[in-house]
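As structure tokens, the structure follows; a few thoughts come after it.
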Amino acid sequence: MSKKDKIANFDFNGVGDSNAGLFGLPFDENDAEVVIIPVPWEVTVSYSAGTADGPQAVKDASPQLDLFDPEIKDAWQLGIWMEDISEDWKNDSTMYREQAEKYINWLEAGSPKDDNTDYKKMVGVINEKGKALADWLKAHSLAYLKKGKMVGLLGGDHSTPLGFMQALGEVHEEYGILHIDAHCDLRDAYEGFEYSHASIMFNALKIPQMKKIVQVGIRDLAQSEAELAEQSNGRVAIFYDFFLKEGMNDGKSWKKQCKKIVAQLPQKVYISFDIDGMDPKLCPGTGTPVPGGLEFDQAIYLIKALVRSGREIIGFDLVEVAPGESEWNGNVGARLLYKLCNWMAVSQKKLEAPMLHA
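Counting in this note's numbering, the final residue of the sequence shown is number 426, and the numbers go up one at a time with none missing.
Listed below in structure tokens is the structure:
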């Protein structure tokens, strides 16, 4: 069946089909404009686990969405498709997570000398596996990009998108990252793990084509990370959550603050969205929740401000969604994922948003 026929025969006002694809949509790899790569990986998480189950939680919740978007014309007709969640990567994550947890517990116990476990070897093996994941993802996402697909990544912890960021460097001469997060993730091989979830932006700085990281919602960081940003010659700009909130309390509009954030970014932008960048009431199951953060509508407004500026979203990740004790985390994650897909498409003129510049 052609894409045109699928659209004609699909009841987007009906009950979401949990046996269909992401969001209950009828599309497949061939006719989808947006491909979502799920990466169920959380080996180096340093607090609460569960993000490896994020892709499944988001997929399970996604058919509950109503697909109509009053701002974007026929948004659902774009075509969004998600790959099957890899059991191989999920199993590897479980196995290596057990090793990493033993090592982290040893570190937190003060690295007792009477423990003869060869932790150095353990860390080396995990670093090798982290590189293997990045190399796989780089090749995998690059293949889709070369086919003209728009690509998003669904984690997993925040270490997962590195290979995708590297692939974008193969396609674009330069780009910037809009990084929404409670944390800077600028640690150099945090806890010894080169591919740590807390090191993703440190690693992104090694990509020559990645010109600038603009961080929003930051409210929990080490002094070393603040110093790295200050000494980055403008490659890292931090918009601290408490300064943004103080600005709003002093009468500055969110519109005005978003304009300042967007002005720091180059023409082509990758969005790296750690869900803990939002208020924890929206993501209580996430691994490292921090008080404060963006409201859902503020996050979407910032993304819209980016698109309104004429900048192009060249890809995105949504990470650190963990199921928790209810369906709420997957529910919020699914809605955020749908918005990211649609506004990326608007920025690339694949969808129309008539009221955007009104």
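In this text, a Cβ means the ideal position worked out from N, Cα and C, and glycines have one as well.
As the structure is a prediction and not an experimental result, all values here were calculated from the model.
In chain order, what residues of the same chain have a beta carbon less than 8 Å from the beta carbon of residue i, not counting five sequence neighbours either side?
i	result
residue 380	335, 336, 337, 415 and 416
residue 255	264, 266, 267, 270, 290, 292 and 293
residue 419	140, 141, 142, 143, 146, 410 and 413
Would you list the one or two residues that DSSP bridges to residue i?
i	result
residue 218	102
residue 414	Note: residue 414 sits in no beta bridge, so no partner.
residue 212	In DSSP, residue 212 forms no bridge with anything.
residue 282	246 and 305
residue 251	288
residue 107	223
residue 346	362
residue 420	141
I'd like the span of the beta strand (DSSP E) that includes residue i, first residue to last.
i	result
residue 382	380-387
residue 246	243-248
residue 307	304-308
residue 275	Here residue 275 belongs to no beta strand (DSSP E), and DSSP marks it neither H nor E.
residue 150	148-150
Quick one: residues in its chain with C-beta nearer than 7 Å to the C-beta of residue i, no 5 flanking neighbours on either side, listed in chain order?
i	result
residue 106	123, 150, 151, 153 and 222
residue 406	91 and 133
residue 312	325
residue 172	114 and 259
residue 350	364 and 400
residue 144	80, 93 and 135
residue 314	none
residue 226	253, 265, 268, 342, 387 and 388
Starting from residue i and walking both ways along the alpha helix (DSSP H), at which residues does that stretch end?
i	result
residue 51	Outside the displayed range of the chain (69 to 426) lies residue 51, so it cannot be described from this structure.
residue 230	230-239
residue 269	268-272
residue 74	71-77
residue 127	122-129
residue 158	155-176
residue 339	First-last for residue 339: 336-342, but that is the beta strand (DSSP E), not the alpha helix (DSSP H).
residue 329	322-331
I'd like to know whether the C-beta atoms of residue i and residue j end up nearer to each other than 8 Å.
i	j	result
residue 199	residue 258	no
residue 388	residue 347	no
residue 261	residue 162	no
residue 376	residue 408	no
residue 366	residue 396	no
residue 384	residue 339	yes
residue 147	residue 353	no
residue 125	residue 110	no
residue 358	residue 235	no
residue 220	residue 102	yes
residue 252	residue 299	no
residue 108	residue 158	yes
residue 373	residue 328	no
residue 139	residue 421	yes
residue 275	residue 302	no
residue 309	residue 378	no
residue 174	residue 164	no
residue 386	residue 341	yes
residue 355	residue 116	yes
The ligand GDP and residue i: does the residue's C-beta get closer than 7 Å to at least one heavy atom of that ligand?
i	result
residue 287	For the ligand GDP, the structure offers nothing, since it holds no ligand at all.
Which same chain residues end up closer than 6 Å to residue i when comparing Cβ atoms and leaving out the 5 residues on each side of it in sequence?
i	result
residue 71	99
residue 332	282 and 305
residue 330	373, 374 and 377
residue 104	150, 220 and 222
For this session: Say whether the segment 130-147 touches the segment 86-95, bearing in mind that this needs 3 or more beta-carbon pairs closer than 8 Å, one atom from each stretch.
Result: yes
Problem set entry | Inter-stretch contact at 8 Å, needing at least 3 Cβ pairs: the segment 227-246 / the segment 196-206 | Touching, yes, given that three or more Cβ pairs across the two stretches are closer than 8 Å.
For this session: Examine the Cβ distances between the segment 265-283 and the segment 241-248 and report whether three or more of them are shorter than 8 Å.
Result: Between the segment 265-283 and the segment 241-248 there are three or more inter-stretch CB-CB distances shorter than 8 Å, so the stretches are counted as touching.
Exercise. Do the segment 190-199 and the segment 156-176 touch if we need at least three Cβ pairs shorter than 8 Å?
Worked result: yes
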